[in-house]
Amino acid sequence: MFEPSGVIQQVFRAIARICGAHAQILLRSTPPCRMRNRSFLESLSSFAAALRTKVTFPSLQQPVSKIPIPMPAAEKTKKVGGNWKALQKTIAPSRSSKPYDRLKVKKTLATEADKKASLLAFAEDNDISPEDLAKAYGAEAVSKKSKGSTLTSSKNTKIGRYVAIDCEMVGVGPDGTQSTLARVSVVNFHGNEVLDLFVLPKEKVTDYRTFVSGITPAMLKAENGALPFESVQQRVADILQDRILIGHAVHHDLAALLLKHPRSRIRDTSLYPLYRQLSKGKTPSLKRLAKELLGIEIQNVESNDSGRGHSSVEDAKATMSLYRREKEGFEKEFGGLKGARKAKE
5 MFEPSGVIQQ VFRAIARICG AHAQILLRST PPCRMRNRSF LESLSSFAAA
55 LRTKVTFPSL QQPVSKIPIP MPAAEKTKKV GGNWKALQKT IAPSRSSKPY
105 DRLKVKKTLA TEADKKASLL AFAEDNDISP EDLAKAYGAE AVSKKSKGST
155 LTSSKNTKIG RYVAIDCEMV GVGPDGTQST LARVSVVNFH GNEVLDLFVL
205 PKEKVTDYRT FVSGITPAML KAENGALPFE SVQQRVADIL QDRILIGHAV
255 HHDLAALLLK HPRSRIRDTS LYPLYRQLSK GKTPSLKRLA KELLGIEIQN
305 VESNDSGRGH SSVEDAKATM SLYRREKEGF EKEFGGLKGA RKAKE
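Counting in the numbering used here, the sequence shown runs from 5 upward without gaps.
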């Protein structure tokens, strides 16, 4: 055996004092349920006491002697493990917040079978004969590529239960940034025009926004059929009464008309979760939805009869077409009890 120098002895004794002090503190604070750790700390405390007395090392020729460290009895270990398992059963898993309970939407767009089921349900609700349904949604009509056959599903001009709306605005005020209603269009479930009116402006129009709105000065003149705002507002209100309203960001249209509509009777294509997936959760543009889901181009010079950028009739037809293809999904998401509950909030 050989004895280390005085400096090394002092270092080891300092370490021993620190270890022993920490071991004693932990021993006092260790609960009985953590007995395994307590036994280890007792061993550490004993080992530190031995180091404080004298530090010696065996020579290389001698076998290494080991300081015995008492281990917890098997019975204690088993008891501790059993107690811990019993304790775990009594601890309820905690959550930082209540999970958001919302209707799960389908991962993919509706299949042809889903669309047929929706059409059959609609026909039954509205007393449409199978013959008329076959004429409106037969294979020939589906296979046509023209814009009209895509946005208009039938020649039925009855208003019916479902209507889609779209408005066009013009700019007023010094810089033309304030908006006022210039045109409002309403179509029925089949995409046929129910109403298309131009509005006499109450203020001087400083920006017709023709490139975007498709509105020209001549359209807003009384001699060309434009009507006072109050008259247009009343006619639209009469149509919307007790009907399901479809629109794209429809709150803007209602605000322009100074009208309200029950939330339970609104189907907004800009809020439908399945459509929002196309824009990674953001609000999708009507133009993008029409192109990607309907295969048509809207809101450009070539796409409408006016030869200008926008047509509220065309936009209303596209909006209704988007609703028709996912009618069942819209009703699950916004209709029924869920929609009624939202309306009360």
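Cβ coordinates follow ideal geometry from the N, Cα and C atoms, glycine included.
Just to confirm my understanding: we take residue i, look at its own chain, exclude 5 residues before and 5 after, and list those with CB closer than 6 Å. What are they?
i: G164; result: N192 and F193
i: F338; result: R271
i: N160; result: H194
If you draw a straight line from the alpha carbon of residue i to that of residue j, how long is it in whole angstroms?
i: T220; j: T214; result: 6 Å
i: G299; j: A320; result: 16 Å
i: G229; j: P277; result: 40 Å
i: A168; j: L155; result: 12 Å
i: V216; j: M173; result: 9 Å
i: L231; j: Q182; result: 21 Å
i: R329; j: L204; result: 36 Å
i: D200; j: I250; result: 16 Å
i: F202; j: G333; result: 34 Å
i: K162; j: E197; result: 10 Å
i: T4; j: R280; result: Residue numbering for the chain in the displayed model covers 5 to 349; residue 4 lies beyond these limits and cannot be assessed.
i: L224; j: H265; result: 27 Å
i: S239; j: E318; result: First, the amino acid is wrong: residue 239 is Arg here, not Ser. Spanning the two alpha carbons is a distance of roughly 20 Å.
i: V190; j: N304; result: 20 Å
i: K284; j: A222; result: 41 Å
i: A186; j: L293; result: 25 Å
Any heavy atom of the ligand HEM closer than 7 Å to the beta-carbon of residue i?
i: N160; result: Looking for the ligand HEM in the displayed structure turns up nothing, as the structure carries no ligands at all.
For residue i, I'd like the list of residues in its chain whose CB is within less than 7 Å of its CB, leaving aside the five on either flank, ordered along the chain.
i: V236; result: V188, L201 and V203
i: S325; result: T154, L155, G195 and L298
State the CB to CB distance for the pair residue i and residue j, rounded to an integer number of angstroms; the pair is presumed to be in contact (CB under 8 Å).
i: Y166; j: R247; result: 7 Å
i: A322; j: L290; result: 6 Å
i: A226; j: C171; result: 20 Å between Cβ atoms; not a contact.
i: A241; j: L258; result: So it is not a contact: roughly 10 Å between Cβ atoms.
For residue i, which residues of its own chain have a beta-carbon under 8 Å away from its beta-carbon, when the five flanking residues on both sides are left out?
i: K206; result: T184 and F233
i: I243; result: I163, V167, V190, V198 and L199
When you compare the CB of residue i with every CB in chain B, is at least one pair closer than 8 Å?
i: A253; result: Absence of chain B from the displayed structure is noted, only one protein chain being present.
Inset, instruction - Entirely within the stretch 223-281 and at least 3 residues each: give me those beta strand (DSSP E) ranges in chain order. - result: 248-251 and 270-272
Legend entry - Stretch pair the stretch 178-189 + the stretch 204-212: three plus CB contacts closer than 8 Å: yes
Inset, instruction - Check whether the stretch 250-260 touches the stretch 270-288, taking contact to mean three or more Cβ pairs, one atom from each stretch, closer than 8 Å. - result: yes
Inset, instruction - Please specify which runs of the beta strand (DSSP E), each continuous and at least 3 residues long, are wholly inside the stretch 155-211, giving them in chain order. - result: At a cut-off of 3 residues, the continuous stretches assigned as beta strand (DSSP E) that sit fully inside the stretch 155-211 are 166-176, 182-192, 197-202 and 209-211.
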